[in-house]
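Written out below as structure tokens is the structure these notes cover.
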Amino acid sequence: MGHAPVRFGVVVFPGSNCDADAYHAVSTFPGAGAQYLWHKDTDLKDVQAVILPGGFSYGDYLRCGAIARFSPIMQSVIDFAHEGGLVMGICNGFQTLVEAGLLPGALIRNTGLKFVCRYVNLRVETTRTPFTSACETGEVLRIVVKHNEGNYTVDPETLARLQAADQIVLRYVDAAGERAEGANPNGALDDVAGVCNETRNVFGMMPHPENSVEAGLAGGADGRPLFQSIIDTVLRTAEVTS
Amino acid sequence: MNVRVYVTPKKGILDPQGAAVERSLPNLGFSGVSGVQIGKIIDLTITADDLTAEAAHAQVDEMCRRLLANPIIEDYTFTISEG
Amino acid sequence: MNVRVYVTPKKGILDPQGAAVERSLPNLGFSGVSGVQIGKIIDLTITADDLTAEAAHAQVDEMCRRLLANPIIEDYTFTISEG
Amino acid sequence: MSGEQYVNRRADVEAAVKLGLTADEYAHICKIQGGEPTYVELAIYSLMWSEHCSYKHSRPILGRFPTSGPRILQGPGENAGIIDVGDGWAVAMKVESHNHPSAVEPFQGAATGVGGIVRDIFTMGARPCVSMDSLRFGELTEPRQRFLLDGVVGGIAHYGNCLGIPTIGGEIYFEPSYEGNCLVNAMSAGMIRTDGIVRAIASGVGNHVVLIGSKTGRDGIGGASVLASQEFDETLEEKRPSVQVGDPFTEKKLIEACLELIHRKLVVSMQDLGAAGLTSSSSEMSSKGFVGLDIHADRVPLREADMEPWEIMISESQERMLAIVTEQQIADVREVCERWDLDCTVIGAVTDSKMLRIWWHGERVADIPARRLADESPVIRTPSVKPDYIVDEPVAVDDAGYPPPNDLGAALTQLLAAPNIASKRWAFEQYDYIVQANTVQIPGGDAAVLRIKDSLRGIAFSNDCNGRHCYLDPYRGAKAAVAEAARNLACAGALPVAVTDCLNFGNPEKGEIYWQFEQAVEGIAEACEALDTPVVSGNVSFYNESFGQAIYPTPMIGMLGIYEDVSVHIDDAFKDEGDVIVLLGAEAAWVDGSEYQKIAYGKVEGRVPDVDLQLEVELQSKIRAAIEARLLRSAHDCAEGGLAVALAECCIASGSNGGAQFADPEAPRGGRSGRWLGADVALGSAAAVAGAAQRPDLALFGEAPSRVIVTVAAELLGPLDEVLGGLPHRVLGRVTGTDLRCTMGGKELFTVPVGELHSAYESLPERL
Ligand SMILES: Nc1ncnc2c1ncn2[C@@H]1O[C@H](COP(=O)(O)OP(=O)(O)O)[C@@H](O)[C@H]1O
Ligand SMILES: [Mg+2]
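Residue numbers (the working numbering), protein chains in the order written: chain P, 1 to 242; chain L, 1001 to 1083; chain G, 2001 to 2083; chain X, 3001 to 3768.
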């Protein structure tokens, strides 16, 4: 490859349970490697992208992500994000990012009131992010969701702003790529499955791309382009700055 | 009638949520906090023209027992006010 | 000091749990119930010798704002009593 | 509080009887103790000698099981059994019942059931990688049963999902006999390096006894003796205060901390606290190690300040572990626990006394010979009595008792919608079945399949027991459960290697129940011997009775299968138009104990067919050989609902991708085939079939063991024939179109669009 591997950091909170999966997913890319970032530490170990993994940080007690957001490591992640660092929150990581105010909105209880583990179809709404640059607009990714609180909500003004600024990155659709009744597993407003911040370097999504990186497994490989996008972006940035 | 129901963990029954919050508070800079317990509050309105106070009380009590609280592990109380 | 915090869903924010309870009540034979909203009660005790009433109030308010409630989707109120 | 009152207060026989002990048992206790026991001692004996902890009715019978083999690294007697699966990896597995707690509080009962069985796995040093749940309820038409189902499934989901352990399989059945006693059997398995196994044996005089995890409260006090060892009756309400609440968050931290302690060899040994809490864990650890333990009950961190020593000793508070730690390593152990925000308290020490001694503020309140407490519990054998309802002959099917239906298509959709057959998607979609990134086949098919990371190898699991069959003939039913569990693994291409079992029965003090138990154990033992799948662990749950009404005998079998190369695995979905459908095994079927008998005729009667174990072994090895040679495109076991339901399930599954249905079940697009595939099949003529199957409806819906439907690409039919050799098999038809069409002797029996079959099959949520 000629490049030093892209360095991912995977944050570990007590109760994180997709941390090892995110770590493993990154390691299936020859050009990337991961290390864990412990919640009580503040050192980001010079990583180039941070993943806040899925799971039940602090048991999801009080509100999902509400306690994790105060971890020492989160202050460093917030600073990193403000300096333009790439931060991706998956499921509980997404919840933590909204609690930390790095992403707009909130994630409330699924309308079905039950934990839902199911394949969903995600339409890539924009490739103008470091997390989807390797995708095609309108491409449909088949990835598993698994959560209790994935129902995205936000006030109408903010929603309008998100739409106008192309910040809605992924939407739930049917297999043909159309928004449809029954395609949205949790009641999320505007079928939002993933959003980014205004500066586009912080991204949260409810589905689990880290469980979709190997074709031989039940999860399939549709999550790969998302990780590939991050790797491409980091390498491009490195080229520009070097 | 406006009803507010308070549902709290029964005494002696583990409240993992309260315990986890209590444990994390010092890390957040809040010290000296103890005895954290987390319960539910349920607000609702009953519209029925000719419901006596006792009948309303009985109805809410039944609602709590059958649906709003889990009497095996939770206690409940409620208030009813005209509105 | 004994503190009781009430956290309720903000007006206009969907409350899936409240909605589900409201839908299921008629099946259980309870009619005329509307406006069901489900929130949280958080009880806690603060032990600090020389905390003035105002200081305690300010401290609890901050705890609510920062941790116990999410202002995007929730409102809160609280009561403080000597105990 | 001084210990004096506990030392001086001696317990008499009356107290013993109140605690569930017999006068004889009390006398034996006095003999061991050399006089009247103290209250604390008596409380300890009453729990350790309860049915739940001592297996007093089952121990002698369980000895019948085959328990060893070249792959078996640990058989029964430890927290979990361990099987070598190759490449230096082993699997630890066990199942446990949480029936009674779930009947009291379904959500927490099921949740803590998962918590308990998972602790049994990581106690041994294995990382839990699989959960399964085997559930039984009364009929769904009863609101209380729907409440129990909802709570139990929710509780399993809550706990397992939070731990990040995939729940990849299970079963749910509904029968009136479970109305007062639902069954919640939680199974767990974990991965461990063959050289990293720890056993729950205390050793090293002077070593610390360390309690790790949650604080101790009054949870489940009396749980083991009161809840698990007595029938339910009107006093159910009074027993409620002891409900345990699970805290999966703490358990998740415990898993990480304990595995780190074990892998870094910071502990001498470890034991989870399960039934009877500190009492059973400390007495078992000391007994196995031929050492004594001193436990200072007053040092145990409490959730409720005013607890008494006996309460502390028998509390079943969840999420606690006991470890033996040397003085040199105690600081490191504390550091690990602190890092995971877990309490870690030295509560005692290993001694050379061989006595379990309990101390309370410096006074000795109990002093019991550990080995005699743990291993000298009484053994009881109830004289068995064959129940009157058992018959020796199958049902004679006549048109008066069994009038043939006029619409066989409608009969099929009715069966597909029957709660015992209908898709359990509603339940398993509440479970995270994909976390840990090893899941190869998700729930919904015959077996759950996982890969082993950094290896070509894989493992598979199945769960089986048809309680109705076991009721009609516990010997044949139990044997069939083992055969079916193995067949399900074979259909996915895995080699069955070991069994864990959960034996759910009524009151063993009754001769009829004891007979059922003995028969079932014999059936399991014979089948396990024939299939070469030793029993490595298990659990017995007696007293599943309400108001004198026992459950169907339900010996649940959990089985592990292995792959040398997991990439050969197949599932039950039809793959391509034109593939040839072949039935392996005999074209024979019986109405006795079938789902069809129950649904269409409202009857449960007759005698279920016996499994021909020799045929079964041949069938399974040939299916596996065909799969390993990559000849088969799908395989599916014919179970409840017979041949027709099995065919329908293969059609319905074709609308899925990788075993997973589409998000919108009404619109299956994409995937392997792009749409549902139907089939056109011809049953053999009436003369060709055995059992009651001369009638078309019974040929379609009758049940029999040792039958599998496979599909093969047309050009590979020849090679398949060669592999199958003398095994009875017959081409039934082809995969084609979008309807399931069946004929018999040239006459059409029915044609139903797969979409309709699917709607019936997925109709469970509408009835919840
Ligand atoms: N039906 C059974 N078949 C095989 N082994 C069994 C059976 N019942 C219990 N055992 C074994 O007996 C031992 C004690 O079981 P149990 O009390 O359930 O264990 P634990 O205290 O770890 O939960 C375990 O090793 C278990 O595997
Ligand atoms: Mg154990």
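Note that the Cβ used here is the ideal one computed from N, Cα and C, for glycine as well.
Backbone secondary structure at R63 of chain P - three-state DSSP
Correct three-state label for R63 of chain P: coil.
Taking beta-carbon pairs under 7 Å, can you tell me which members of the stretch 1001–1026 of chain L lie near chain A?
Although the question refers to chain A, the structure presented lacks it and instead comprises the protein chains P, L, G and X.
Collapsed DSSP secondary structure at W3340 of chain X in the structure displayed:
Three-state result, W3340 of chain X: coil.
Excluding sequence positions up to five away, which residues of its chain have a Cβ less than 7 Å from the Cβ of S3384 of chain X?
Excluding positions up to five away in sequence, the list reads G3511, Y3514, W3515, E3518.
Going by DSSP in three states, E3171 of chain X sits in which element: helix, strand or coil?
Correct three-state label for E3171 of chain X: strand.
A3331 of chain X: buried (16+ other C-beta within 10 angstroms of its C-beta) or exposed?
So A3331 of chain X ends up on the exposed side.
Go ahead and pull the three-state DSSP assignment for F3750 of chain X.
Three-state DSSP puts F3750 of chain X in a strand.
Give me the subset of the stretch 56–90 of chain P whose CB atoms are less than 7 Å from a CB atom of chain L, sorted by chain position.
Within the stretch 56–90 of chain P, the residues whose Cβ lies closer than 7 Å to some Cβ of chain L are Y58, G59, Y61, L62, I67, F70, listed in chain order.
Give a yes or no on whether the C-beta atoms belonging to L3342 of chain X and K3253 of chain X are separated by under 8 Å.
With contacts defined as CB atoms closer than 8 Å, L3342 of chain X and K3253 of chain X qualify as a contacting pair.
State yes or no: is the C-beta of S3134 of chain X within less than 8 Å of the C-beta of S3377 of chain X?
Not in contact: S3134 of chain X and S3377 of chain X (Cβ atoms no closer than 8 Å).
Measuring only between beta-carbons, confirm whether T1047 of chain L sits less than 8 Å from chain X.
Not one chain X Cβ lies under 8 Å of T1047 of chain L.
Looking at the C-beta of L1068 of chain L, does it have a partner C-beta in chain P at a distance below 8 Å?
So no, L1068 of chain L is outside the interface.
What does the alpha-carbon distance come out to for the pair M3313 of chain X and W38 of chain P?
Straight through space, the alpha carbons of W38 of chain P and M3313 of chain X are spaced by roughly 36 Å.
Counting contacts by CB-CB distance shorter than 8 Å, is L122 of chain P in contact with chain X?
The Cβ of L122 of chain P sits no closer than 8 Å to any Cβ of chain X.
Indicate whether at least one CB of chain P lies closer than 8 Å to the CB of I2041 of chain G.
So, not an interface residue.
Can you tell me which residues form a DSSP beta bridge with T3439 of chain X?
DSSP, once it has assigned bridges, lists X:L3450 as partnering T3439 of chain X.
Taking the C-alpha atoms as reference points, what is the distance between E1082 of chain L and L2025 of chain G?
When only Cα atoms are considered, E1082 of chain L and L2025 of chain G end up about 21 Å apart.
Hey, is F1030 of chain L's beta-carbon within less than 8 Å of any beta-carbon in chain G?
Closer than 8 Å: yes.
Can you check whether the CB of L3631 of chain X is closer than 8 Å to the CB of G3561 of chain X?
Cβ distance not < 8 Å, so G3561 of chain X and L3631 of chain X don't count as in contact.
Give the DSSP-derived three-state secondary structure of L1044 of chain L in the structure shown.
It is a strand residue.
Assuming Q117 of chain P and Y3431 of chain X form a contact by the criterion Cβ under 8 Å, report the distance between their Cβ atoms to the nearest whole angstrom.
The sequence shown places Cys at residue 117 of chain P, rather than the Gln named in the question. The C-beta separation of C117 of chain P from Y3431 of chain X comes to about 6 Å, placing the pair in contact by the 8 Å criterion.
Whole angstroms are fine: how far does the CA of M3048 of chain X sit from the CA of A3023 of chain X?
C-alpha separation (whole angstroms): 16 Å.
Note down, in chain order, each residue of its chain lying with its Cβ closer than 6 Å to the Cβ of D3664 of chain X, except the 5 sequence neighbours on either side.
At D3664 of chain X the pLDDT is 37, less than 50, meaning the model places this residue with poor confidence; the figure from the coordinates comes in the next sentence. No residues qualify anywhere along the chain.
D3464 of chain X lies in the alpha helix (DSSP H); which residues open and close that run?
Note, D3464 of chain X: premise wrong, no alpha helix (DSSP H); beta strand (DSSP E) at 3458–3464.
Closest Cβ-Cβ distance between A4 of chain P and chain X: below 8 Å?
Taking 8 Å as the threshold, the shortest C-beta distance from A4 of chain P to chain X does not fall below it.
Among X:F3574, X:L3619, X:A3704, nearest to C3638 of chain X - alpha-carbon criterion:
For the residues X:F3574, X:L3619, X:A3704, the minimum Cα distance to C3638 of chain X belongs to X:A3704.
Output the boundary residues of the beta strand (DSSP E) element that contains E3363 of chain X.
First-last of the beta strand (DSSP E) with E3363 of chain X: 3363–3369.
Please classify W3359 of chain X: does DSSP put it in a helix, a strand, or coil?
In the structure shown, W3359 of chain X sits in a strand (DSSP, three-state: E or B).
Using a Cβ cut-off of 7 Å, pull out every chain G residue sitting near A106 of chain P, in sequence order please.
Neighbours of A106 of chain P on chain G, chain order: N2070, I2072, I2073.
Comparing the C-beta of G1083 of chain L with each C-beta of chain P, is any distance below 8 Å?
For G1083 of chain L, the answer is no, since every Cβ of chain P falls outside 8 Å of its Cβ.
Measure how close the beta-carbons of G55 of chain P and G15 of chain P come, nearest whole angstrom, since I'm counting them as under 8 Å.
Rounded to whole angstroms, the Cβ separation of G55 of chain P and G15 of chain P is 6 Å, and the two are in contact under 8 Å.
I need the DSSP call for G3115 of chain X, collapsed to helix, strand or coil.
If DSSP states are grouped into helix, strand and coil, G3115 of chain X belongs with the helices.
Hey, N184 of chain P and N148 of chain P: beta-carbon distance below 8 Å or not?
Contact check for N184 of chain P against N148 of chain P fails: the beta carbons are separated by 8 Å or more.
Within its chain, find whatever has a CB closer than 7 Å to the CB of A3713 of chain X; leave out the 5 residues flanking it on each side and keep chain order.
So the list reads D3579, R3633, once near-sequence residues are dropped.
With burial defined as no fewer than 16 other Cβ atoms inside 10 Å of the residue's Cβ, what is the status of L2028 of chain G: buried or exposed?
That one is exposed.
Do we get a CB-CB distance below 8 Å when we pair A3485 of chain X with the residues of chain P?
No, A3485 of chain X does not count as interfacial toward chain P.
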